[in-house]
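Trainee:
There are 4 protein chains.
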Amino acid sequence: MSIREVELEGHIIDSRVLPKVFDLIMDMDGDFEVLDFEIGKEKEDESYAKIQIRGRNQGHVDDIVSELHRHGANLPEIEEVEYERAPADKSLPRGFYSTTNHQTYIRYNNEWVEVERIEMDCAIIIDENKAICKPISEVKEGEKIVVGEKGVRVVPPERPREKSVFEFMSSHVSPEKPSNSIIDQVANEIIKTKKSGGKIAFVLGPAIIHTGGSKHMASLIKNGFADVLLAGNAVAVHDIENALYGTSLGVNLETGEPQAEGHKNHLYAISEIMRSSSIENAIEQGKIEKGIMYQCEKKDIEYVLAGSIRDDGPLPEVITDTVKAQDKMREAIQDVDLVVMMATMLHSIATGNLLPSHVKTICVDINPDTVTKLTDRGTEQVMGIVSDVGIFLPKLTEKVLKNS
Amino acid sequence: MSIREVELEGHIIDSRVLPKVFDLIMDMDGDFEVLDFEIGKEKEDESYAKIQIRGRNQGHVDDIVSELHRHGANLPEIEEVEYERAPADKSLPRGFYSTTNHQTYIRYNNEWVEVERIEMDCAIIIDENKAICKPISEVKEGEKIVVGEKGVRVVPPERPREKSVFEFMSSHVSPEKPSNSIIDQVANEIIKTKKSGGKIAFVLGPAIIHTGGSKHMASLIKNGFADVLLAGNAVAVHDIENALYGTSLGVNLETGEPQAEGHKNHLYAISEIMRSSSIENAIEQGKIEKGIMYQCEKKDIEYVLAGSIRDDGPLPEVITDTVKAQDKMREAIQDVDLVVMMATMLHSIATGNLLPSHVKTICVDINPDTVTKLTDRGTEQVMGIVSDVGIFLPKLTEKVLKNS
Amino acid sequence: MSIREVELEGHIIDSRVLPKVFDLIMDMDGDFEVLDFEIGKEKEDESYAKIQIRGRNQGHVDDIVSELHRHGANLPEIEEVEYERAPADKSLPRGFYSTTNHQTYIRYNNEWVEVERIEMDCAIIIDENKAICKPISEVKEGEKIVVGEKGVRVVPPERPREKSVFEFMSSHVSPEKPSNSIIDQVANEIIKTKKSGGKIAFVLGPAIIHTGGSKHMASLIKNGFADVLLAGNAVAVHDIENALYGTSLGVNLETGEPQAEGHKNHLYAISEIMRSSSIENAIEQGKIEKGIMYQCEKKDIEYVLAGSIRDDGPLPEVITDTVKAQDKMREAIQDVDLVVMMATMLHSIATGNLLPSHVKTICVDINPDTVTKLTDRGTEQVMGIVSDVGIFLPKLTEKVLKNS
Amino acid sequence: MSIREVELEGHIIDSRVLPKVFDLIMDMDGDFEVLDFEIGKEKEDESYAKIQIRGRNQGHVDDIVSELHRHGANLPEIEEVEYERAPADKSLPRGFYSTTNHQTYIRYNNEWVEVERIEMDCAIIIDENKAICKPISEVKEGEKIVVGEKGVRVVPPERPREKSVFEFMSSHVSPEKPSNSIIDQVANEIIKTKKSGGKIAFVLGPAIIHTGGSKHMASLIKNGFADVLLAGNAVAVHDIENALYGTSLGVNLETGEPQAEGHKNHLYAISEIMRSSSIENAIEQGKIEKGIMYQCEKKDIEYVLAGSIRDDGPLPEVITDTVKAQDKMREAIQDVDLVVMMATMLHSIATGNLLPSHVKTICVDINPDTVTKLTDRGTEQVMGIVSDVGIFLPKLTEKVLKNS
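Residue numbers (the working numbering), protein chains in the order written: chain A, 1080 to 1483; chain B, 1080 to 1483; chain C, 1080 to 1483; chain D, 1080 to 1483.
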């Protein structure tokens, strides 16, 4: 039998660190003894626990400690972080520390240094006195890569104290909850974020356009409720198709009927932009006078259109290289406080991968699968709402504009 | 090789009989020759076709003809219908004619007699000069049961000519169609049906109440847009829970938050009704002053609350015997022109089983499975809309009341 | 501000009582101070906590305590339980204690008495020195009904210690987990339960028959792995249809092709049974020689066929009164140790409603909705597996028979 | 009122052209008269119909004819195709002919020329005496682009005559069909295709690996049943993770349990490949000795790994530019006879977009949405099977290997 100790500190009840630690030890077939325990008397107080972990052998106990560490348990000894050099470009040394999406610090030169740009499944690079989180694709041969858990501290987010959609919901909203109050709460979250100077990103799928949501989303942008837009080629193409011809995929968005020859409209829309050589130019030339892309340009909103193998065209602003697109998305969501994902599995999961766990995230989709997959892949902070964006978005827009 | 002839008559193009006949022959590995074909010159004209079916042997060709017959192909000879006596109660003779849900006639005493109360998967009983469709559960020993296809004619419905939700939709509405125009069309269908003196049945699941739809549905009833209500115990219990305590399953429908001790409310609601010994009495006594059940009683709307093994209580008006409940439902939907099903798989499929194919049927559910199953089980006329009833119903109600 | 104290005792970490209590207080906007805390040193030791709850006023703090109580927190004072008389048949007094599905005790005549037949959303009746859990439908005027939480103790189940499918899974198995090992673990759970003398109930939907699973399920029954069968009319009808004609809903189960005239087969099957006046007689008369119903009769397995409004027939053994059917189901699952639900939403939820929380429950369905709804409705112990029963059941049967 | 005539020729019943034409005219609110009609006496004979279309005005009737044309109706006059020059790169002239995915011919220099590389939503380029289908992204300024429908003939596929999975299934297989016979039929289709010298493409999602399917798919490749593999980075990464460490996303594929530190394995796998600078090299160096990628390299199977914004790494062989990836996929599926798609929405829809309608296509997914979306987007030939690939693929592999 082998033994190691871990410490838990801070809001270990609010952040659910304590129960998760107990669960994990038992999941991994370990044993434990609580050596010391001081619970904050009041809910604002910090708590402290020292727990002795026992395993079958050193490897077993190390595995358990390593897993606990990812969830906020720390080794009591304060030791310097350890690193190794990257053996090659895009290559990580054995034993590298793989990041969580929680706030993370390393002990470097006797100081706790916060890791910048934290994101799950990446490596921590030590660059002079800075610690930077980098995806494997950006790792260069010879960079100092953190290995092991020594000198690394992880701080999972606390559960929000204020009454909010995030507290109210338990990670997954069944379609059997009162719709009106859910929309109210999402609207309030958006308003509150903007009032406190926060930044909001919207992640959109083309169903937004097909269901007639272009004008509603455009109105949110126009009124300052969107700071970043993440989408694919299809959102832009059909938004512009709608602006130019009143259709989406050839279906008239007023009548719901397919327009004669309408199946060509999205290709006409692409052709039109191609002749202007960019969406931006087309708007400047006055070709496009409404819609999501129009408002993005007018309000100078940052948008990233990421390419996919399903694209027609694609439009000139679309970043067809997926690695570059991912980088641009990563850049765009820095300092974002709230992310609203609607009707896209691909872009929602891709964005979820890049988000730190403290960023509030709402995902609205008619397919419960999208929410399940987001959570399964580690974006556990997401609040999933199973609803029909075609009716949800107009209602949400109305409430945001009315209540703000 | 064996040979038989069938005739097709009437609007065999509009009703899609012709293409279905060709398909079926090929599906069943048969061969055919078109002996005679006169197509209606204009779309209003009737057409006529005589087709020779060839099969490997008599059994094979009979099987094909039998299948074609169910889809509207007739034998050219006009012969009297044949029948046998039911061998026992709830028992059918070998070779009995199993009904489709299409309009059906039998040749009896040299006259074409329409089969009353047509419904799929039943038997035709000859009672004096009448032909009545009966489920196996109602068959009595000794009754005259139609056997074989001789003297039976099936008339599948034509596709609707007027512009309507039924023409516009192709059996299944993806959640990627313009929401606004879909709701408009359903609203128009409801208004049109009532304007022309038609009868509308609503089939509801409890999610209607949980999502805050009680007042909207109540308003549709109050304003005369519902003639029949089919639901289960849970709809009534939670509607009354909402009327009495403002909650559904303990969740406050205004704030969306669970009410303290709210989980007892549905049992209080049941207790309250039990003390009045019926919903009707409770309303008369002034205990309940709003909601779906209240409006049903006030407007004297026919409702059937059918029991299920999931029920708490159940309320006194609930018909706990499923055979009796089915009979009541069957009774209630006679002469209905439009059925709107919302958020219930069990009651939607059960009602679908009882409906003739010419009754317009709309099914709104967030789970596409409900629509798929309805269609798979033979309710092919259903127009499925995959949406969130929590937002769909208020919007629909608003449109119906505004446009009517 | 008002104040009350609660105590937590026992395996409050294993049973997740402690974290849930902290969460609930914060959810309900309360405040707390931990007055006393002794954590079991080792994982087998019991722990103890005394927590002071603070609320805005007496009502608020009472609401919080009441909610905590349902999850295993107790009032420190040991007081006698309180009761009131039922005001009418099927009617509960104001303030009645509404049961959870956890093991429950009442303090009556200075003794802790375990509540018999515990099941969620019911009342506790005191009958001489016994405490019995009863659904509202069985409550008689004048019976002693427990009110308030005084003298009531709730003991939530601990998480299982042994390695098992229940530990391995986190309530919901995504279809992205290794299929082979999941089936292995379910098979092991079945084998283990039988080896230790336990009782297994199967809850089945008709898709089991339509996908060709009749012989596999029959084989599990024949080999002694099923003690109770819960299903509806359709399972029995199509199982017998298959035994008599080799089809299910007219589709040949070997070739997968619809059989000519096959759509009549299920009505022939019903007719056949009706002429024998029961399934049991038909089997005795040698009409049926294989399948699920055949094995149930041969092995004298208890089965409950509960009626629904979708039924054709129904067969004589089907209990058409849903209240009586529910009672029979309740009876049948007493002392069951493992429940395996497959491909039925209605019967799974109905059975889930009746189960104590300590009964291990597995639900296999291709529709993730079934699992979500089961959990949302309080059957939190369920382990959901999203898979295709058509391939899952044969594989499971093979493994159970091979490994046992 | 305006009038135009169209002709239908060939197997207009088998190909369902005739009924579709009648439907479309009525959908579009037109009128018609059948001027001439000769139906093939026997099912092998060709038929002929001349139909007069009437509309409200010239525009209306043109719209109708234009729509009919896309479904195989031809103008009776044989006229030369018309073209215009592309106004710019990636830009199409007004009125360009937008392709269907059906076999298409143009009348050029008095000859019927078949359009090469036909694919939906593209343009037809005339290049000397050849007609080539090109996506808008490949159109160059000045190229001759076909406009209007004059001189264009579309030949929709006939329904297959032989008994096969495609005839048996009606576009969507519910999970309530006999599983065994479905797998048999898919296996037979694969065997038959290879026996007749055909080419099979597999389109795979990572769930194939997570559910333990790597070895089964590898075995299909090894035994010559796959000619082309289309997938994303994740399939390759996790297949290699499994080959190197026995895990997929850190989960041990034998035991189903998460491996300690396993969450790093996919990044180790990427690192390993990066150090070899390609999958190919890593295999040559003996690092990888089993799995899908291994067999692809050993059997020299063409594979396309297309990048997406969700990728980690990505691996060197992944084509990160989505336009280039699409081109490679387009190239790879030329002359493919059968496509089997499993567990991926993105790659299935992307591949479906590129396929001519005569290529047999099977899609297996647990999410019915994938199949619905494929069909909604025009890949109407797809046969959807809602099942669990984790159990489906091993069973399919077993049958293919045993029966071939």
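We put the CB at the ideal spot given by N, CA and C, even for glycine.
Under 9 Å, do H1289 (chain A) and H1317 (chain A) count as touching if we go by C-beta distance?
Mentor: Yes, the Cβ-Cβ distance between H1289 (chain A) and H1317 (chain A) is below 9 Å.
Trainee: Cβ closer than 7 Å: which chain B residues qualify as neighbours of F1101 (chain D)?
Mentor: Ordered by position in chain B, the residues that pass the 7 Å Cβ test against F1101 (chain D) are I1092.
Trainee: Considering only residues of the same chain and omitting the five flanking positions on each side of E1351 (chain B), which have a CB-CB separation below 8 Å?
Mentor: Closer than 8 Å at the Cβ level, and outside the excluded window around E1351 (chain B), lie I1319, L1323, A1361 and K1366.
Trainee: Count Cβ pairs between the segment 1299-1314 of chain B and the segment 1370-1380 of chain B that sit closer than 8 Å; are there 3 or more?
Mentor: The segment 1299-1314 of chain B, when compared against the segment 1370-1380 of chain B, does touch it at the 8 Å Cβ threshold.
Trainee: Within its chain, find whatever has a CB closer than 7 Å to the CB of T1399 (chain A); leave out the 5 residues flanking it on each side and keep chain order.
Mentor: If we look at T1399 (chain A) and ignore the five residues flanking it on each side, its Cβ neighbours are G1386 and P1393.
Trainee: Determine the direct distance from the alpha carbon of V1113 (chain A) to that of P1166 (chain A), and round the result to whole angstroms.
Mentor: Each residue's Cα considered, the two are about 41 Å apart.
Trainee: Classify M1420 (chain C) as helix, strand or coil using the three-state DSSP reduction.
Mentor: In this structure, M1420 (chain C) counts as strand in the three-state DSSP scheme.
Trainee: Counting only beta-carbon atoms, is M1485 (chain A) nearer than 9 Å to chain D?
Mentor: Only positions 1080 to 1483 of chain A appear in this structure, which leaves residue 1485 (chain A) out of reach.
Trainee: Can you confirm whether D1318 (chain A), when its beta carbon is compared against all beta carbons of chain D, has any partner nearer than 9 Å?
Mentor: Not an interface residue.
Trainee: According to DSSP, simplified to helix, strand and coil, what is A1280 (chain C)?
Mentor: Correct three-state label for A1280 (chain C): strand.
Trainee: Within the continuous alpha helix (DSSP H) that includes K1439 (chain B), where are the two ends?
Mentor: Looking at the DSSP string, K1439 (chain B) is not in any alpha helix (DSSP H); the run it does join, the beta strand (DSSP E), is K1439 to D1444.
Trainee: Any idea what DSSP makes of Q1131 (chain C), helix, strand or coil?
Mentor: Q1131 (chain C) falls in the strand class under three-state DSSP.
Trainee: Over the uninterrupted beta strand (DSSP E) stretch that includes C1212 (chain A), give me the two end residues.
Mentor: It spans K1209 to K1213 - the beta strand (DSSP E) in which C1212 (chain A) sits, taken as one unbroken run.
Trainee: Tell me whether M1080 (chain D) is buried or exposed, calling it buried when 16 or more other Cβ atoms sit within 10 Å of its Cβ.
Mentor: M1080 (chain D) is exposed by the Cβ-count criterion.
Trainee: Please state whether the Cβ-Cβ distance between D1467 (chain B) and D1467 (chain A) is less than 9 Å.
Mentor: Yes, they are a contact pair.
Trainee: To the nearest angstrom, how far is it from the Cα of F1101 (chain D) to the Cα of D1093 (chain D)?
Mentor: Rounded to the nearest angstrom, the two C-alpha atoms are 15 Å apart.
Trainee: Find the residues of chain B that neighbour D1168 (chain C), judging by a C-beta separation of less than 8 Å, and give them in chain order.
Mentor: Under the 8 Å cutoff, chain B gives M1353.
Trainee: Report back the beta-carbon spacing between I1279 (chain A) and D1416 (chain A) to the nearest angstrom; my notes put them in contact at under 8 Å.
Mentor: Confirmed, Cβ separation roughly 7 Å.
Trainee: State yes or no: is the beta carbon of L1071 (chain B) nearer than 9 Å to at least one beta carbon in chain A?
Mentor: The requested residue 1071 (chain B) does not occur in the structure, where chain B is confined to residues 1080 to 1483.
Trainee: Would you mind reading off the limits of the alpha helix (DSSP H) that contains E1410 (chain D)?
Mentor: Taken as a continuous stretch (DSSP letters only), the alpha helix (DSSP H) holding E1410 (chain D) covers T1401 to A1411.
Trainee: With 16 as the cutoff for other CB atoms within 10 Å, does S1250 (chain A) come out buried or exposed?
Mentor: Because the pLDDT at S1250 (chain A) is just 47, under 50, the model does not fix this residue reliably, and the value given afterwards should be weighed accordingly. Exposed, by the Cβ-count rule.
Trainee: Note down, in chain order, each residue of its chain lying with its Cβ closer than 6 Å to the Cβ of T1504 (chain A), except the 5 sequence neighbours on either side.
Mentor: Since the first residue shown for chain A is 1080 and the last is 1483, residue 1504 (chain A) is missing from the structure and cannot be characterised.
Trainee: Distance check for I1203 (chain C) and V1225 (chain C), CA to CA, integer angstroms please.
Mentor: Spanning the two alpha carbons is a distance of roughly 6 Å.
Trainee: Listed from N- to C-terminal order along the chain, which residues in the segment 1276-1294 of chain A have their beta-carbon within a distance smaller than 7 Å of any beta-carbon of chain B?
Mentor: Hits within the stretch, in order: A1286, H1289, T1290 and G1291.
Trainee: First and last residue of the alpha helix (DSSP H) that includes D1318 (chain C)?
Mentor: Per DSSP, D1318 (chain C) belongs to the alpha helix (DSSP H) from N1312 to Y1324.
Trainee: Which same chain residues, not among the five before or five after V1397 (chain D), have their C-beta less than 6 Å away from its C-beta?
Mentor: Cβ within range, chain order: N1312, L1384 and G1386.
Trainee: At a CB-CB cut-off below 8 Å, which residues of chain B make contact with L1384 (chain C)?
Mentor: Neighbours of L1384 (chain C) on chain B: none; closest Cβ ~11 Å, over 8 Å.
Trainee: Step through the CB atoms of chain A and report whether any lies within less than 9 Å of the CB of K1369 (chain B).
Mentor: Not one chain A Cβ lies under 9 Å of K1369 (chain B).
Trainee: Please list the partners that P1098 (chain B) has in chain D, where partner means a Cβ-to-Cβ separation under 8 Å.
Mentor: Result: I1092, R1095, L1097 and P1098.
Trainee: How should G1138 (chain A) be labelled, buried or exposed, when 16 other C-beta atoms within 10 angstroms of its C-beta is the threshold for buried?
Mentor: G1138 (chain A) should be labelled exposed.
Trainee: Mapping DSSP to helix, strand and coil, what is E1222 (chain B)?
Mentor: Residue state, collapsed to three classes: coil.
Trainee: Would you tell me roughly how many angstroms separate the C-alpha atoms of L1475 (chain C) and I1270 (chain C), rounded to the nearest one?
Mentor: Taking the straight line from one Cα to the other gives about 11 Å.
Trainee: Can you list, in chain order, the residues of its chain with a C-beta nearer than 7 Å to that of R1485 (chain D)? Leave out the 5 residues immediately preceding and following it.
Mentor: Nothing can be reported for residue 1485 (chain D), as the shown portion of chain D is limited to 1080 through 1483.
Trainee: Kindly indicate which three-state DSSP category F1247 (chain A) falls into: helix, strand or coil?
Mentor: Per-residue confidence for F1247 (chain A) stands at a pLDDT of 44, beneath the threshold of 50, marking its modelled position as unreliable; no derived number is given.
Trainee: So that I know if they touch, is there some Cβ in chain A lying closer than 9 Å to that of F1471 (chain D)?
Mentor: Cβ-Cβ to chain A under 9 Å: no for F1471 (chain D).
Trainee: Are the beta-carbon atoms of G1303 (chain B) and K1273 (chain B) separated by less than 9 Å?
Mentor: Against a cut-off of 9 Å, the Cβ pair of K1273 (chain B) and G1303 (chain B) comes out as a contact.
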